[in-house]
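J.:
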Amino acid sequence: MADMNRERWQEVDSIFEAALARPASERDAFLDEACAGDPDLRAEVDSLIASEATEDFMNDPAFTDAARVLVQNARHSLTGQTIGSYQILESLGAGGMGEVYLALHLRTNRKVALKLLPAAFMNDGQRVRRFQQEARTVLALNHPNIVTVYDIEQAGDTHLIATEVIEGETLRQRLSRGALDLAEALDVAIQIAGALAAAHEAGVVHRDIKPENVMLRPDGFVKVLDFGLAKLTEREQRETSSELPTRALVRTDAGMVIGTANYMSPEQARGQEVDARTDTFSFGIMFYEMLTGNMPFSGGTKSDVMAAILQNEPPPLARFLPKAPEALEWIVTKTLAKNRDERYQTAKELLTDLKRLKRRSDYQVEAARFGSTTSGDSGFVAPGSDTATNRTAAADPPAATAEATRTLSSAEYVISEIKRHKRGVMFTVAGIAFLVIAAIGIVIGIRYLRPTSLSQATNPFRQTKVAKLTTTGNASQAAISPDGKYVVHVTGGAGKQSLLLRHIATGSDKEIVAANGNDFSWLTFSRDGSYVLYSRVEAGIYPLFQVPVLGGTPQKLIADDVDTRVSFSPDGKRFAFMRGEPQKGETSLILANADGTHEQVLSKYKVSDFSGNWPFPSWAPDGQTIAVAHRTGNDRSTNVVTVRVADGQEKQITSQQWPNILALSWLADAQGLVITAGEPEATYQHQIWFVSYPSGEARKITSDANNYVGLSLTEDSSSLVTVQAEQAPNLWLAPNGDAARAKQITSSRGDGLAGVAFTPDGRIVYTSVAHGSRELWVVNTDGSGQKQLMSDAKAMAGPFVSPDGRYVVFSSARAGAPNIWRINIDGSNPKQLTTGTHDQTPSISPDSRWVFYTATESDKQRLRKVPIDGGESEQLTDYSSGGALVSPDGKQIACAYIDIAKKRWSIGVISIEGGPPIKTFEISPLQARFQWSYDGRAVLYTVTRDGVTNIWSQPIDGSPPKQVTDFKSDQIFRFDWSHDGKRLVLARGPVSSDVVLISNLR
Amino acid sequence: MTAPESSPHEMTQLLAAWSDGDREALDKLLPLVEHELHRLAHRYMNHERDGHTLQTTALVNEAYLRLIDQREMRWQNRAHFFAIAAQMMRRILIDHARKQAYAKRGGGARKVSLDEVDALTDERAQELVALDEALAGLARIDERKSRVVELRFFGGMSVEETAEVLKISTDTVTRDWHRARAWLHRELKG
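Those sequence lines, one after another, are chains X and L.
The numbers in the first sequence follow this note's numbering, run straight up by one, and end at 1002.
The numbers in the second sequence follow this note's numbering, run straight up by one, and end at 1192.
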């Protein structure tokens, strides 16, 4: 119709107008008449009438577009101009507040992100000064997740803020593409929380946490912008509304797009004072959005959103994330509590929980980057965490699934001379030692070591990746198939264990051996990957089984005990394992054919050679030697040695020493071994190391917050699986042992793990690993008055307070071998009381004159006593026994001993003079801690069932035991009653273990 | 921050001159109005963090209140000012849309920078360019209707304001609007 002229249009238009003025029903008749003889005219008008009926055309006026364009143009209008000391290079867009430009600082030539704050924001001098003060505070923090502020300057009526230039996108931009996956969201959240924690500790509240204020750099760093800046606008916005007559119109427009109201806290919505917890709430909204792609509080208008923030509970995460870990929901809920007293009180607590969750969640992170972004971790917490019996991957005979006994408490020093079944319990004891070692963890910070001086050839772990394969918290042992495609693992609590095969690529699990009440140990794949071999207790014996990898009928290969994982020879025709021979005080390294026949003893060791270590054999790739770890030297440190298959000759291959080694495995190219070993600080933390061969140089593969136990490598050594075990008790006080009234009194995680004891005046002495090594602390029962008693007590365990309140005794390796030490109750005047090769588990008689303890020599474990003022010690028993505790009347001793007839550890009562047990109880000290009741009428001991520990009482008169406490969750690691018997202190907390895949090893 | 500066008095004189038929006055007025609109947009941006909440009527109203000396104002001046503003808004918008559509066709690299969501979607930019061209066509055969569309659609004015500028009745504005809309729709879709 472009050729239509003005006159023709007027004709068309007038008929069109007239038609429109008529009801639709009359139009046809009208048009028939009006356009008679001119079909073009009729067609023209008809088409206009049809178009007129199109309702949505031009309903969206262009003036809003024009306004947006104006704004965008305005942003670019400053380009090339000089403002203050800066030349504007280009617009970077609108940041959190005001527009941001890329600018050049003219004196330094430094490129900065320059934010222009209009004078209106800065006309309150006091406010500006406060802002500048905060900016300087934030500047001083120099936190990697807080944008660096270079300068604040005033140019005319404009205030300039120059900050570092950050490449990348805002979280808002990232969110426009949808939700983040869990690992990504956690990574971002942890960095934001880290920024908040640092700022809050410096007294700066952000006040305007939202996705627009979070930058994501391509290298994974997250930067939080504009700390404290929002403070400048808080009042200003009110002033603006009265100043501008049109302001109200804008504000009340129902169609307006919601701005920052979306991330407002309830207290902000109410106009109340904000504090650090306000940021936590805004963070929670943002975190929720990151996880789900949805807002937790939504509404059509600003006031609807504010109403939702004040009144509504957000939809559960599970609605969007059906597989969200419970802990995640817990964290989100806690950040979004309407009452700020119910929120995380500090961002640091939030950070700790997030980090812990991250460790528990599936993640795939390049080790180096992971290290650089999460260093500084200093604690862990267990929000809603699973409970499970504590187990380790490598070391876990079922009898040992609960806890070390008081007897066996000082984990790495545990010695036993009789095997756990038939002839004793040796391996079980060692296993328990590991459990304790494995379990006592402190977080030092995730920091994968930078490559050291090792050459590239011997330093193959640069690009290591870590991925958690399970998140149940009760996956206790694992082995990876030679081809790296499958991981077999044990899942379920003691007595409920089954064997699952995980297909790594798909994440699917298949049960290959069902639970039958008997527990598993020593998983490994056959050399060709077609069978899984394992040991499974049957009537006290640990035979070796194999089952087809996809399930089937298990076949018993060796009917006698197999006390370690088997390690196959390179040709797969034979395997090596260890078997304890407790009657002889010996352990044998045995070779057998792959079908279990033709056992051959290669070498024999004393029990003490392995105390605290699993004698975990690994057959070298050349077939000539088998590596084992055992103790050498007087200080009881552990080394890796090779045993020649031809003649059993030993050779030490590294000069590096560890407190203990849990597992070891040769690399396929014989360039070295991978081991899991205890931290030198004896924090009970275990990391994975690489030991180069033949040079013997040792270097950490992991150096992080986790505790790794167990080890299984693929055939090409490109990947390994391990188990990450966590145990983080705090002290709890339960009046009269009443679980319902129990209160947590410390929060350092790991408190009391190596011992807790009441003083006569009602304070509590306990071990702590909060500062990276074991220390002795004291605290009041209300949690106040925390004070360090002693810091330099290596491997300290088992503090016991003298009944007269003068001394604390404990075992420590502070002078070399573990011995019994005494300090004054105020921590002063340390005195070494014993000089044996390995003394532990001290206790003091009621008259405060004698210290009873467990002394271990090469293959014997005996009770001894020594005067509290020092002097000659005396032996009390001539059979395997330990963990003596004197009854309140001073006449008897309760202790753990090995019942030869029943082939297991029991608890017995003996005379104060020593000699054989007078009374025995069917309580396994391997699974329990025990103590006299304060009236001396019963022995109290712990029982762990389904991952929950409670205290039971066994009357000395032999009547049936009774349950004393009624906790519904978590495990108890240590306990002590106050001297008046009215208060119970517990080292109590959750336990978890999960399978971790470490890949890209080579 | 270099901008033509003018006093409200000067602006008012120019507006009066233009409404009295002085075409040169318009040439002087346009940059002043444009600058003022940009300045205001700038301020709105700072308060609202993005352009979404901007209302052109509010913007233009405010520009008018700031640019024009209220004591010297004749009531017609306001209408004329709005007409200028609407024209300005249309020009700014279509310039932008054209550039965007051009860039989209490969005519130039468009910079996407921090937090910068385009003011227009590509689809919207193309639609606006086409509409502008169609409106130019309408102006050739029916200038009044094209001005109704310009004032209402690009200037964001109400029916009453449009009637005031064009010195026609509100009924006429409404009827013109409907018929112009139908015509434009048919031009674009047909």
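Yeah, the Cβ is synthetic: ideal placement off N, Cα and C, and Gly gets one too.
The structure displayed is predicted, hence computed values, not measured ones.
Could you check whether X:Ser845 and X:Val886 sit closer than 7 Å to each other, using their CB atoms as the reference points?
T.: Looking up residue 886 of chain X in the first sequence gives position 886. Looking up residue 845 of chain X in the first sequence gives position 845. The answer is yes: Cβ separation under 7 Å.
J.: Since X:His200 is in the alpha helix (DSSP H), which residue starts that stretch and which ends it?
T.: Numbered from its first residue, the first sequence carries residue 200 of chain X at position 200. Segment 182 to 201, the alpha helix (DSSP H) holding X:His200.
J.: Under a CB-based cut-off of 7 Å, is L:Gln1015 close to chain X?
T.: Stepping through the second sequence from its first residue, residue 1015 of chain L is reached at position 13. Answer no: the Cβ-Cβ gap between L:Gln1015 and chain X never drops below 7 Å.
J.: May I ask which residues mark the beginning and end of the beta strand (DSSP E) holding X:Arg988?
T.: By 1-based counting over the first sequence, the position of residue 988 of chain X is 988. Taken as a continuous stretch (DSSP letters only), the beta strand (DSSP E) holding X:Arg988 covers 983 to 989.
J.: Can you pull the chain L neighbours of X:Met4, defined as C-beta to C-beta under 8 Å?
T.: Position 4 of the first sequence, counted from the start, is the residue given in the question as residue 4 of chain X. Under the 8 Å cutoff, chain L gives Ile1143.
J.: From which residue to which residue does the beta strand (DSSP E) around X:Ile1086 run?
T.: Residue 1086 of chain X falls outside the range modelled here, since chain X spans only 1 to 1002, and no answer is possible.
J.: Taking the CB atoms as reference points, tell me whether X:Ile923 and X:Ile907 lie closer together than 7 Å.
T.: The sequence position of residue 923 of chain X within the first sequence is 923, counting from 1. The sequence position of residue 907 of chain X within the first sequence is 907, counting from 1. Cβ atoms of X:Ile923 and X:Ile907: closer than 7 Å.
J.: Going by DSSP, which residues form a beta bridge with X:Lys1003?
T.: A question about residue 1003 of chain X goes unanswered here, because the residues of chain X that appear run from 1 up to 1002.
J.: Which residues share a DSSP beta bridge with X:Lys111?
T.: Position 111 of the first sequence, counted from the first residue, corresponds to residue 111 of chain X. The partner list for X:Lys111 (beta bridge, DSSP) reads X:Leu104.
J.: Pick from X:Tyr101, X:Ile146, X:Arg174: whose alpha carbon is nearest that of X:Ala162?
T.: Position 162 of the first sequence, counted from the start, is the residue given in the question as residue 162 of chain X. Minimum Cα distance to X:Ala162 is reached at X:Tyr101.
J.: Tell me, which residues are paired with X:Leu863 by DSSP?
T.: Here residue 863 of chain X refers to the residue found at position 863 of the first sequence. Beta-bridge pairing links X:Leu863 to X:Thr854.
J.: Under 8 Å between beta-carbons, which chain X residues line up against L:His1180? List them in chain order, please.
T.: Position 178 of the second sequence holds residue 1180 of chain L. The answer, in chain order, is Leu20, Glu52.
J.: Quick check on this structure: which residue in X:Leu196, X:Ala670, X:Ala202, X:Gln687 has the alpha carbon closest to the alpha carbon of X:Asp208?
T.: Position 208 of the first sequence, counted from the start, is the residue given in the question as residue 208 of chain X. Among X:Leu196, X:Ala670, X:Ala202, X:Gln687, the Cα nearest to that of X:Asp208 is on X:Leu196.
J.: Does the CB of X:Leu501 have a neighbour CB from chain L at under 7 Å?
T.: Mapped onto the first sequence, residue 501 of chain X falls at position 501. With 7 Å as the cut-off, X:Leu501 does not count as an interface residue toward chain L.
J.: If we count Cβ pairs, one from each stretch, closer than 8 Å, do we get three or more for the segment 615 to 625 of chain X versus the segment 563 to 582 of chain X?
T.: yes
J.: Give the residues of chain X in contact with L:Phe1156, contact being defined as C-beta atoms less than 7 Å apart.
T.: As a first step, residue 1156 of chain L is located in the second sequence; it is residue number 154 there, counting from the start. Going along chain X in sequence order, the residues near L:Phe1156 (Cβ under 7 Å) are Ala62, Phe63, Ala66.
J.: With DSSP collapsed to three states, give me the class of X:Ile558.
T.: Translated into the one-based positions of the first sequence, residue 558 of chain X becomes position 558. Of the three classes helix, strand and coil, the one that applies to X:Ile558 here is strand, per DSSP.
J.: Expressed to the nearest angstrom, what Euclidean distance is found between the alpha-carbon atoms of X:Leu984 and X:Val601?
T.: Here the question's residue 984 of chain X lines up with position 984 in the first sequence. Here the question's residue 601 of chain X lines up with position 601 in the first sequence. Distance between the alpha carbons of X:Leu984 and X:Val601 is about 50 Å.
J.: Is the beta carbon of X:Lys496 closer than 7 Å to that of X:Thr478?
T.: Translated into positions along the first sequence, residue 478 of chain X becomes position 478. Translated into positions along the first sequence, residue 496 of chain X becomes position 496. Here residue 478 of chain X turns out to be Ala, not Thr, going by the sequence shown. Contact flag unset, no.
J.: Can you tell which of X:Leu321, X:Thr278, X:Val165 has its C-alpha closest to the C-alpha of X:Thr292?
T.: Start at 1 with the first residue of the first sequence, and residue 292 of chain X comes out as number 292. Of the candidates X:Leu321, X:Thr278, X:Val165, the one whose C-alpha sits nearest the C-alpha of X:Thr292 is X:Leu321.
J.: For X:Met290, which option in X:Arg217, X:Gly178, X:Arg340 has the closest C-alpha, if you only look at C-alpha atoms?
T.: Along the first sequence, one-based indexing puts residue 290 of chain X at 290. Considering only alpha carbons, the answer is X:Gly178.
J.: Pull up the CB-CB distance for X:Thr278 and X:Val204, whole angstroms please, since I reckon it's below 8 Å.
T.: Translated into positions along the first sequence, residue 278 of chain X becomes position 278. Translated into positions along the first sequence, residue 204 of chain X becomes position 204. Contact annotation, X:Thr278 with X:Val204: C-beta distance approximately 12 Å; criterion of less than 8 Å not satisfied.
J.: Straight-line CA distance for L:Arg1177 to L:Val1161?
T.: Working through the second sequence from its first residue, we reach residue 1177 of chain L at position 175. Working through the second sequence from its first residue, we reach residue 1161 of chain L at position 159. Their Cα atoms are separated by approximately 11 Å.
J.: Please check if any C-beta of chain X sits within less than 7 Å of the C-beta of L:Ala1132.
T.: Taking the first residue of the second sequence as position 1, residue 1132 of chain L is located at position 130. False, the Cβ-Cβ gap to chain X never drops below 7 Å.
J.: In terms of alpha-carbon separation, which member of X:Val628, X:Arg527, X:Ile541, X:Leu523 lies closest to X:Leu533?
T.: As a working mapping, residue 533 of chain X is identified with position 533 in the first sequence. For X:Leu533, the nearest C-alpha among the options comes from X:Leu523.
J.: Quick one: which chain X residues come within Cβ less than 8 Å of L:His1082?
T.: Locating residue 1082 of chain L in the second sequence gives position 80, where the first residue counts as 1. Ordered by position in chain X, no residue passes the 8 Å Cβ test against L:His1082, which lies about 18 Å from the chain.
J.: Under 7 Å, Cβ to Cβ, is there at least one residue of chain X near L:Ile1094?
T.: The count along the second sequence starts at 1 and reaches residue 1094 of chain L at position 92. Yes - at least one Cβ of chain X is within 7 Å of the one on L:Ile1094.
J.: Using 7 Å as the limit for Cβ to Cβ distance, is X:Ser47 near chain L?
T.: Indexing the first sequence from 1 puts residue 47 of chain X at position 47. It does: the Cβ of X:Ser47 has a partner Cβ on chain L nearer than 7 Å.
J.: If I measure Cβ to Cβ from X:Val305 and keep anything under 7 Å in the same chain, skipping five residues before and after, which residues do I get?
T.: Translated into the one-based positions of the first sequence, residue 305 of chain X becomes position 305. Result list for X:Val305: Ile258, Ala261, Asn262, Phe297, Ser298, Gly299, in chain order.
J.: So for X:Arg207, helix, strand or coil by DSSP?
T.: In the first sequence, the residue the question calls residue 207 of chain X occupies position 207. In the structure shown, X:Arg207 sits in coil (DSSP, three-state: anything other than H, G, I, E or B).
J.: Is it the case that the segment 939 to 947 of chain X contacts the segment 682 to 697 of chain X, given that we only count it when at least three CB pairs across the two stretches are under 8 Å?
T.: no
J.: So, is the C-beta of L:Leu963 closer than 7 Å to a C-beta in chain X?
T.: This structure gives no information on residue 963 of chain L, because the portion of chain L shown stretches from 1003 to 1192.
J.: Measure the C-alpha to C-alpha separation of X:Asn5 and L:Arg1146 and round it to an integer number of angstroms.
T.: Sequence index remark: in the first sequence, residue 5 of chain X carries index 5 (1-based). Sequence index remark: in the second sequence, residue 1146 of chain L carries index 144 (1-based). Taking the straight line joining both Cα atoms gives about 15 Å.
J.: What residues in the segment 304 to 324 of chain X bring their beta carbon closer than 9 Å to a beta carbon of chain L?
T.: none
J.: For chain L, is any of its Cβ atoms less than 7 Å away from the one on X:Phe57?
T.: The count along the first sequence starts at 1 and reaches residue 57 of chain X at position 57. By this cut-off, X:Phe57 is an interface position.
J.: Measure from the C-beta of X:Gln497 to each C-beta in chain L and report whether the shortest distance is under 7 Å.
T.: Sequence index remark: in the first sequence, residue 497 of chain X carries index 497 (1-based). No, no contact with chain L.
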